[in-house]
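Just so we're aligned, residue 40 is where the sequence shown starts under my numbering, counting upward by one.
To start, the structure under review is shown below, and the notes come after it.
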Amino acid sequence: MSPSKSTGEILEVDGHEVRVSNPDKVVFPQPGLTKLDVVRYYLAVSEGALRGAGGRPMVLKRFVKGIGEEAFFQKRVPENHPDFVDTATLHYARGTSAEEAVIRDAAGLAWVVNLGCLDLNPHPVRAEDLDHPDELRVDLDPMPGVDWSQIVDVAMVAREVLDDVGLVGWPKTSGSRGLHILVRIVPQWDFKQVRLAAETLAREIENRAPGLATARWWKEERGESVFVDFNQNAKDRTVASAYSIRPLPDARVSTPMDWGEVAVRRPEGFTVATVLERFAEIGDPHAGIDDAVGTLDGLLRLAEELGPAEKPPRGSGTADGRRQSTMPLIEVARTKTKPEALAALDEWRSRHPSVVPLLHPADVLVDGMRGSSSLWYRVRVNLQHVPEAERPPQEHLLADYDPWAGKTWPGDGPQPGR
């Protein structure tokens, strides 16, 4: 990859001029990838990247301060966007709306990457029909302590269930530890029906792979299993699409695979450098995904057979309407950044050294929570494997970041603190 001018570089892409600002800025220090390198990567794999994200409204997840800092989420397309970037107005479940970016060609792809977007986060709908998803997303999310072989086993069960209901799944690495399976569907069901179909799929996978997979929504109840995250199909949710670069030090890529590769390839083997070579050699393994469109009829019939999903027992909520966990959970901290969260966890461990050896990997919960425009982090510990007499009590939080402080809500004044 060639060097560039420090003042900016103009690229000619599909008959459009796209300016790359700060092209020499190092985005990934470990492999030495600059901003211009990232743009050129996306141009090289644009056929596959647009197959996943093209024609769909997307949330712009911008890493303007680099991968060492938290990204911020921008739903509204910048007012000065070029003519070759379309828009679509989405209406969200909570009553708000935003005009989001819709890219359709490599020039649009280069433009969003220049804004600082490393991974692409499109909605599962086309801009021409915002109410009916044309993609069901199966997100296999491993809990701590789960290795890749268990994810593979669950993926194969998922493939079997999909086949039984007449659907075709297309696997790709998530770009982190997990696996995504994409399923093209006829856009005739609304978000509620698609989410029901996804939840039914997750429940059936759990039925066929008990102990290996779980459809339990509450994290502390999952144990060391693979969570089939059906809620990624809820309205307003997005996931990193195919060929997205994830903000990890090795510049790991969410990479489409064929089913024969799932058991023999590992997520860490797919990086910007290796995917560039792979795409040049074999193209996109998902090239046929748009020709494999199915219906949700089979999953919705199965939903009727399984009956309603189990709900939390009546009276399990708190006075303010929040769910009360059945697990012995304590909260350690709420922080603005993940390093702060991990530091708080280390501090808690140092205060309770006798408890630490009793904890299982899945008992430590460090969750990224979506705030108004960025992530914040909550640290909890599940004491289920600690004898009751030895369990530390709930203490004052070691950090108590308020992600809503100072935010003004429509029709209200500033949101009061907790």
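Don't be surprised by glycine CBs; every beta carbon is placed ideally from N, CA and C.
Values in this document were obtained by computation on a predicted structure and should not be read as measured data.
Among the options, nearest to residue i - alpha-carbon criterion
| i | options | result |
| --- | --- | --- |
| Gly299 | Phe111, Asn119, Phe67 and Lys211 | Lys211 |
| Ser60 | Ala127, Val152, Phe266 and Leu148 | Val152 |
| Glu51 | Trp150, Glu86, Val84 and Ala110 | Trp150 |
| Pro306 | Ser188, Ser85, Gly322 and Arg255 | Ser188 |
| Trp256 | Met182, Val98 and Arg373 | Met182 |
| Leu179 | Arg143, Gln271 and Tyr80 | Gln271 |
| Val441 | Ile190, Thr376 and Pro396 | One point to set straight first is that residue 441 is Asp, not Val, in the sequence displayed. Taking only the C-alpha atoms, the option nearest Asp441 is Thr376. |
| Leu341 | Ile321, Leu235, Gly214 and Gly47 | Leu235 |
| Arg291 | Ala312, Ile190 and Asp323 | Ala312 |
| Asn160 | Ser136, Ser293 and Pro68 | Ser293 |
| Pro378 | Ile220, Arg390 and Trp415 | Trp415 |
| Leu315 | Val78, Gln69 and Pro68 | Val78 |
| Pro68 | Glu174, Asp289 and His435 | Asp289 |
| Lys31 | Phe269, Pro117 and Asp202 | With the chain covering only 40 through 457, there is no way to say anything about residue 31. |
| Ala331 | Glu238, Gly134, Thr135 and Asp202 | Asp202 |
| His120 | Arg133, Thr365, Glu260 and Arg58 | Arg58 |
Burial state of residue i (16 or more Cβ within 10 Å)
| i | result |
| --- | --- |
| Ala319 | exposed |
| Ala380 | buried |
| Tyr131 | exposed |
| Glu243 | buried |
| Ser85 | buried |
| Gly93 | buried |
| Ile224 | buried |
| Asp385 | exposed |
| Ser280 | buried |
| Ala444 | exposed |
| His219 | buried |
| Thr310 | buried |
| Lys274 | buried |
| Glu349 | exposed |
| Lys100 | buried |
| Ile328 | buried |
| His435 | exposed |
| Glu174 | buried |
| Arg198 | buried |
| Arg390 | exposed |
| Arg317 | buried |
| Arg18 | Since the first residue shown for the chain is 40 and the last is 457, residue 18 is missing from the structure and cannot be characterised. |
| Glu118 | exposed |
Test item: CB-CB of residue i and residue j under 8 Å
| i | j | result |
| --- | --- | --- |
| Leu251 | Val267 | no |
| Val233 | Pro172 | yes |
| Leu82 | Pro62 | no |
| Gly71 | Val103 | no |
| Glu263 | His424 | no |
| Thr277 | Val98 | yes |
| Gly205 | Gly107 | no |
| Val403 | Pro431 | no |
| Ser283 | Gly214 | yes |
| Val66 | Gly91 | no |
| Ala194 | Val301 | yes |
| Pro367 | Leu287 | no |
| Leu335 | Trp228 | yes |
| Asp323 | Gly87 | yes |
| Ala326 | Gly184 | no |
| Arg285 | Asp158 | yes |
| Arg143 | Pro163 | no |
Beta-carbon proximity list for residue i, same chain, < 8 Å, skipping 5 on both sides
| i | result |
| --- | --- |
| Ala127 | Pro96, Glu138, Glu139, Val141, Ala166 and Leu169 |
| Val200 | Leu240, Glu243, Ile244 and Arg247 |
| Leu89 | Ile142, Arg143, Asp144, Ala145 and Leu148 |
Same chain, Cβ closer than 6 Å to residue i, neighbours up to 5 away in sequence not counted
| i | result |
| --- | --- |
| Glu56 | Ile49 |
| Ile369 | Val420 and Gln433 |
| Asp406 | Arg417 |
| Ala145 | Val52, Asp53, Leu82 and Ser85 |
| Val196 | Ile244, Arg247 and Ala248 |
| Lys258 | Leu404 |
| Ile190 | Leu179, Pro181, Leu218 and Val265 |
| Ala397 | The residue you asked about is not Ala; residue 397 is Leu in the sequence shown. Same-chain partners within the cutoff: His424 and Val425. |
| Pro226 | Asp168, His171 and Asp173 |
Contacting residues, own chain, Cβ-Cβ under 7 Å from residue i (five flanking each side not counted)
| i | result |
| --- | --- |
| Arg304 | Met296 |
| Ala383 | Val371, Ala372, Thr374, Val418, Leu437 and Ala438 |
| Gly147 | Phe123 and Val124 |
| Lys64 | Thr73 and Lys74 |
| Gly456 | Bear in mind that a pLDDT of 42 at Gly456, under 50, signals an unreliable position, so the number given afterwards is only what the model happens to contain. Only Asp441 and Ala444 meet the Cβ criterion. |
| Lys114 | Val98, Ala137 and Glu139 |
Neighbour flag for residue i against chain B, beta carbons, 8 Å
| i | result |
| --- | --- |
| Lys114 | Among the chains in the structure shown there is no chain B, since it carries only a single protein chain. |
ask   = What runs of the beta strand (DSSP E), each 3 residues or longer, lie entirely inside the segment 244-282?
value = 265-267
key: Complete runs of the alpha helix (DSSP H) confined to the segment 129-158 [at least 4 residues]   = 145-153
ask   = Hey, which unbroken runs of the beta strand (DSSP E) at 3 residues or more fall wholly within the segment 214-239?
value = 218-223
task = Go through the segment 375-450 residue by residue and report every complete run of the alpha helix (DSSP H) that reaches 4 residues or more, in order.
result = 377-390
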